[in-house]
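Participant: Handing you this structure, nothing more for now.
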Amino acid sequence: MRPGLQAGRAWSARVPVHTALARRWIQRSSRQRTAATPPEPKPQTPLNEPPPPAASRPKSNDMDVEVVEKLHRGVLWLSNLHPIKLNRIDVRHKLYDMAYVDETLKRMIEKMDQRHAIEIERIVHRSPEGGVFIHFKSSQYDAKGAADIIRQHLMDKRKASFLLKEKIRAHLVMGKPFLHDMEAYPTRTIRVDFKGPAMDMEELYNVLRPYGHLNSVNIAKNSEGIRYGTASYNKIHGSIGASNCLHRAVMQDTKLLISYEKYLKPSALREFWNNYSRVLLPTLLSATVAFAYTMFDPLREFFVYNHITNRFLLSPESKFGEEPDFVLNTTGPQEEATANKPAMGGIELRLYNAVKSQALDLVQRVSNIFGSSSSDQVPVWSKEALEQLRQKVATSSNSDEVIMLAGPLHHAQGCGKTTIMRALVREEGITNLLHLDFRRADTFVSDAELLKRLKQAVGYKPSLTVLYKLQRMIEELLAVSTRGVVAPQASTEAHVRQVLDCVSKVLQSLRKWNSKSNGNAKAVTPTSNGPATTTPARSASDMPLIVLNGLDSVFLNDHPAFAQQLMDWAFTVSHERLATVVLLCDENIAEDYAEETRVQTAVLQVEDASAEQAKNFMQLNLPHVEVTDQQIAAVSGVLGGRLSDINELVRRVEFLHQPMAEALNDMVSKAVSFVAGHALTTRPKTDAHWTLQQAWKLVSQLAEDEEIPFERMLYSDTFNGDDTALYAMQRARLIRIQHRSVPVEAPPVSRSWLASSQPKADDEAIPVYRQQLFIQPARPLFREAFRRIVHDATLSDGIRLQLLKEEAGKLLKTMHATEEELDKVLDMLTEARGGHVTSVIKQLVHRADQLAATLEKTVNKIEQVEAAKKSLAALML
Numbered sequence: 001m002r003p004g005l006q007a008g009r010a011w012s013a014r015v016p017v018h019t020a021l022a023r024r025w026i027q028r029s030s031r032q033r034t035a036a037t038p039p040e041p042k043p044q045t046p047l048n049e050p051p052p053p054a055a056s057r058p059k060s061n062d063m064d065v066e067v068v069e070k071l072h073r074g075v076l077w078l079s080n081l082h083p084i085k086l087n088r089i090d091v092r093h094k095l096y097d098m099a100y101v102d103e104t105l106k107r108m109i110e111k112m113d114q115r116h117a118i119e120i121e122r123i124v125h126r127s128p129e130g131g132v133f134i135h136f137k138s139s140q141y142d143a144k145g146a147a148d149i150i151r152q153h154l155m156d157k158r159k160a161s162f163l164l165k166e167k168i169r170a171h172l173v174m175g176k177p178f179l180h181d182m183e184a185y186p187t188r189t190i191r192v193d194f195k196g197p198a199m200d201m202e203e204l205y206n207v208l209r210p211y212g213h214l215n216s217v218n219i220a221k222n223s224e225g226i227r228y229g230t231a232s233y234n235k236i237h238g239s240i241g242a243s244n245c246l247h248r249a250v251m252q253d254t255k256l257l258i259s260y261e262k263y264l265k266p267s268a269l270r271e272f273w274n275n276y277s278r279v280l281l282p283t284l285l286s287a288t289v290a291f292a293y294t295m296f297d298p299l300r301e302f303f304v305y306n307h308i309t310n311r312f313l314l315s316p317e318s319k320f321g322e323e324p325d326f327v328l329n330t331t332g333p334q335e336e337a338t339a340n341k342p343a344m345g346g347i348e349l350r351l352y353n354a355v356k357s358q359a360l361d362l363v364q365r366v367s368n369i370f371g372s373s374s375s376d377q378v379p380v381w382s383k384e385a386l387e388q389l390r391q392k393v394a395t396s397s398n399s400d401e402v403i404m405l406a407g408p409l410h411h412a413q414g415c416g417k418t419t420i421m422r423a424l425v426r427e428e429g430i431t432n433l434l435h436l437d438f439r440r441a442d443t444f445v446s447d448a449e450l451l452k453r454l455k456q457a458v459g460y461k462p463s464l465t466v467l468y469k470l471q472r473m474i475e476e477l478l479a480v481s482t483r484g485v486v487a488p489q490a491s492t493e494a495h496v497r498q499v500l501d502c503v504s505k506v507l508q509s510l511r512k513w514n515s516k517s518n519g520n521a522k523a524v525t526p527t528s529n530g531p532a533t534t535t536p537a538r539s540a541s542d543m544p545l546i547v548l549n550g551l552d553s554v555f556l557n558d559h560p561a562f563a564q565q566l567m568d569w570a571f572t573v574s575h576e577r578l579a580t581v582v583l584l585c586d587e588n589i590a591e592d593y594a595e596e597t598r599v600q601t602a603v604l605q606v607e608d609a610s611a612e613q614a615k616n617f618m619q620l621n622l623p624h625v626e627v628t629d630q631q632i633a634a635v636s637g638v639l640g641g642r643l644s645d646i647n648e649l650v651r652r653v654e655f656l657h658q659p660m661a662e663a664l665n666d667m668v669s670k671a672v673s674f675v676a677g678h679a680l681t682t683r684p685k686t687d688a689h690w691t692l693q694q695a696w697k698l699v700s701q702l703a704e705d706e707e708i709p710f711e712r713m714l715y716s717d718t719f720n721g722d723d724t725a726l727y728a729m730q731r732a733r734l735i736r737i738q739h740r741s742v743p744v745e746a747p748p749v750s751r752s753w754l755a756s757s758q759p760k761a762d763d764e765a766i767p768v769y770r771q772q773l774f775i776q777p778a779r780p781l782f783r784e785a786f787r788r789i790v791h792d793a794t795l796s797d798g799i800r801l802q803l804l805k806e807e808a809g810k811l812l813k814t815m816h817a818t819e820e821e822l823d824k825v826l827d828m829l830t831e832a833r834g835g836h837v838t839s840v841i842k843q844l845v846h847r848a849d850q851l852a853a854t855l856e857k858t859v860n861k862i863e864q865v866e867a868a869k870k871s872l873a874a875l876m877l
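Position 572 of the sequence shown, counted from 1, bears residue number 572 in UniProt numbering, the numbering being contiguous throughout.
What follows is the structure, given as structure tokens:
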């Protein structure tokens, strides 16, 4: 009797066909299929000697399901004991109370053994499938009867839980389930392979129906023409029960092999894509490009507009940051910073402006209560530059000059340029501000990183940097595969141009909005080549201010293409009067661009402080500390007028309560460690392109002189005309290379005076100047550090000893090479004398004399070097 036709009274009441009638119909169909080949006789197993359970029977002992039902032992599958794990992220089984499941099984074992003489041999848990296998045996009941008793006992044993609503189901295992610990999860669809005569759809339905409601049953053929069946259950516990109970079950010489199968529902969209992919693909690409153009560009312009106008910032000067240079304290309410602020699309954000103004006042009152450090103020010697800068910015709306605020420092902070700009923004109430900061862009920063910083500085969102990198990689691979026929288009230069064009569009829209807000006022500007032109009149607070920070000589040498593109864009913006452009650079850059005729520049120089200015600054910042003239002289002699170093000294004295002499000594010691660790070292460095001999030559010369002519050092025996080491030490912030005009001697030049009709009789000597480079310490503090290193006996003797060792090694190599050449010349001389060639003999004798003299000089130098090494080694002991 088939198990599917006797699975339970609850299901048999719903089956329209009588069970006995269905069983006879299935048996008749099976006989018709196997009439041609009669089945082999199966071994008869007596009932008093039951075989082992189905899960442990060998393959050769596969029995029909009718025999399995009559055994006195078997395996029962219990499902819905706990939640099923459907995938990796399903954690319901961990949240369920598994202790209740163990308690239920324990009570069942005790009750079956005491009341029904059913012994539970073992229980196998199947956590992913939400059930257990129960191995049992009984001397009173066969497998089917014992299974009905256990099923009846567990029918209502369910704890109420929101994780599991289904009732406990129990089915007798007719085959041998596949027990594994692989990471496989059950599905609602199963595949049934037939080993033997295949069943038709009705037979398969009757076999699978007792385990749950079926959505569909199909019979198909594979590529080899072998039939198999697929069935989809309404709930997943049906497919789990069928797979665990009927796998490898034998029904009338047909063995069922059941496995889970993912059921893919037919998708109309997928079919439509497969049919029209050739048309849809270019259409979708075009639509994507159109969407990116129509959506991303306006969105980016919106974010750039908000970034320039500081719509969501309480103070525009906060864009300069708090760490570089100095932090300025905002003194007084900043009503100008929020008044007449433009808004995108003409929307007046009155409520936001009111809240922002109140927040500024609150911040100001709190800062006034707690006070501020005097070091946050603009330095005394920078006020002149601040006044000049204020006048230039005030008249920038009628001029296309590029303002260049130049300082003496290379690739480092310290002269107060950023401090001046922060004070200008605060005092003038400039609301439209764009700060492009590249001070921390060293040699090893890539162009992609510079592009990323540029996007962050202008508020370019969404940047889609990942897509840009992917496009760049694909185009480079395409260029390599086509051997350069297809050139990459997604270059950094093109992407930078795209970002800067977006900023230019925002500046143009901002100018239009300001002209409308000012009542279409016009300013008349005379021109030299034609009639006067009219431009929208704007105040200094309305005119956008673009600050390019960190554009020094080192940055332009390390990233020439990026820096030149940025400078050209800044000159174009200033020429079109879209914004006021201020370049914070060094004096070399300012002089280079001041000589060009294609741009108009206004150079404002920020110099180091004088001794009197440094004294005033220290007295202003140290009101409770007595500063004597001797201390001021000592500080000026060591720190010069560098703002950053003087400010550090003030902070050490004021906050760390160090004596001024001790604080100054600590700063010098720190500088000595920096120079010794970066310049005077024998460790190989990837960024050090100089030798120990070159560094020591430069340090010893700068310890004696305040500055050295660049040409004198360049063409010395140490550098031999190679300036790589000098510029490498400048990038390492060890030295400063400055060029300035110096007078040179020239013969008198005769010239006529245009003021008189007759030429002047006498000749007048006109002075002649030329640009000359000078090498100085990067900071005045380094001059004292160089002196200490040179006068430090231990350190200087160690460096000299190392240099002598290197020189001795070079001399030994020269000596060995000279000896080898001399041996070859002597051998050739011996051969020439045998041939009696007089001219050759004279040449060889002359060359031998030269080599002998060179060898003698080399040996003498080696002896001198060895003697110097011994004396230095003795001094160091």
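In this text, a Cβ means the ideal position worked out from N, Cα and C, and glycines have one as well.
1. Pull the bridge partners of Leu86 from the DSSP assignment, please.
2. Hey, would you say Met815 sits closer than 8 Å to Val603, going by beta carbons?
3. Comparing alpha-carbon positions, which option in Met729, Gln694, Leu734, Asp705 lies nearest Tyr715?
4. Mapping DSSP to helix, strand and coil, what is Ser127?
5. Spatial neighbours of residue 878 within its chain, please: C-beta separation below 8 Å, excluding the five flanking residues on both sides.
6. Can you name the start and end residues of the beta strand (DSSP E) that His689 belongs to?
7. Measuring CB to CB, does Phe710 end up less than 8 Å from Leu773?
8. Just how far apart, CA to CA, sit Ala521 and Ile646?
9. Just curious, the alpha helix (DSSP H) that Ala785 is in, first and last residue?
10. Exposed or buried, what is Asp552 when buried is set at 16 or more other beta-carbons lying within 10 Å of its beta-carbon?
11. In the DSSP output, which residue or residues are listed as bridge partners for Ala220?
12. Looking only at C-alpha atoms, which of Val496, Asp297, Gly225, Asn80 sits nearest to Glu166?
13. Specify the secondary structure class of Pro743 as computed by DSSP and reduced to three states.
14. Give the straight-line distance between the Cα atoms of residue 878 and Leu795, rounded to the nearest whole angstrom.
15. Can you grab the Cα-Cα spacing for the pair Glu819 / Arg770, in whole Å?
16. Kindly indicate the opening and closing residues of the beta strand (DSSP E) around Leu434.
17. By Cβ distance below 7 Å, which residues in the same chain neighbour His739 in space, the five residues on each side in sequence not counted?
18. Whole-angstrom Cβ separation of Gly212 and His237, contact assumed at under 8 Å?
19. From Arg122 to His135, what distance separates their C-alpha atoms?
20. Count the CB pairs spanning the region 169-184 and the region 105-117 that are closer than 8 Å, and state whether there are at least three.
21. Looking at Leu204 and residue 878, is the spacing between their C-beta atoms short of 8 Å?
22. Would you call the region 781-796 and the region 627-647 in contact, with 3 or more CB pairs under 8 Å?
23. DSSP has Val192 in a bridge; who is on the other side?
24. Less than 6 Å between C-beta atoms, sequence neighbours within five positions excluded: which residues of the same chain meet that for Asp193?
25. What is the DSSP secondary structure of His171, reduced to helix, strand or coil?
26. Is the separation between the beta-carbon of Met667 and that of Leu680 shorter than 8 Å?
27. Find the nearest neighbour of Gly550 within the set Asp542, Pro560, Leu578, Leu583, judged by alpha-carbon distance.
28. Name, in chain order, the residues that DSSP records as bridge partners for Ile120.
29. For the putative contact between Asn432 and Leu510, defined by C-beta atoms under 8 Å, what is the C-beta separation to the nearest angstrom?
30. For Pro282, does the three-state DSSP call read helix, strand or coil?
31. Between which two residues does the beta strand (DSSP E) carrying Leu649 extend?
32. Verify whether the separation of the beta carbon atoms of Arg73 and Gly175 is less than 8 Å.
33. Less than 8 Å separating the beta-carbons of Ala852 and Leu844?
34. Does any CB atom of chain D fall closer than 8 Å to the CB of Glu387?
35. Assuming Val499 contacts Leu454 under a Cβ cut-off of 8 Å, what Cβ separation, rounded to an integer in Å, is found between them?
36. According to the neighbour-count rule (16 or more other Cβ atoms, all chains shown, within 10 Å of its Cβ), is Lys137 buried or exposed?
Facilitator: On the basis of the coordinates in this document:
1. Partner(s): none; Leu86 has no beta bridge.
2. no
3. Gln694
4. helix
5. Outside the displayed range of the chain (1 to 877) lies residue 878, so it cannot be described from this structure.
6. His689 -> no beta strand (DSSP E), and no H or E assigned at all.
7. yes
8. Residue placement at Ala521 cannot be trusted, given a pLDDT of 48 that sits under 50; what the coordinates show is reported in the next sentence. Going from the Cα of Ala521 to the Cα of Ile646 covers about 48 Å.
9. 780-791
10. buried
11. Tyr228
12. Asn80
13. strand
14. A question about residue 878 goes unanswered here, because the residues of the chain that appear run from 1 up to 877.
15. 49 Å
16. 433-437
17. Asn588, Gln771, Gln772, Leu773
18. 6 Å
19. 5 Å
20. no
21. Residue 878 falls outside the range modelled here, since the chain spans only 1 to 877, and no answer is possible.
22. yes
23. Gly229, Ile258
24. Tyr228, Leu257
25. strand
26. no
27. Leu583
28. Phe136
29. 7 Å
30. helix
31. Premise fails: Leu649 lies in the alpha helix (DSSP H), 643-655, not in any beta strand (DSSP E).
32. no
33. no
34. Looking for chain D here will not work: only one protein chain is present.
35. 6 Å
36. buried
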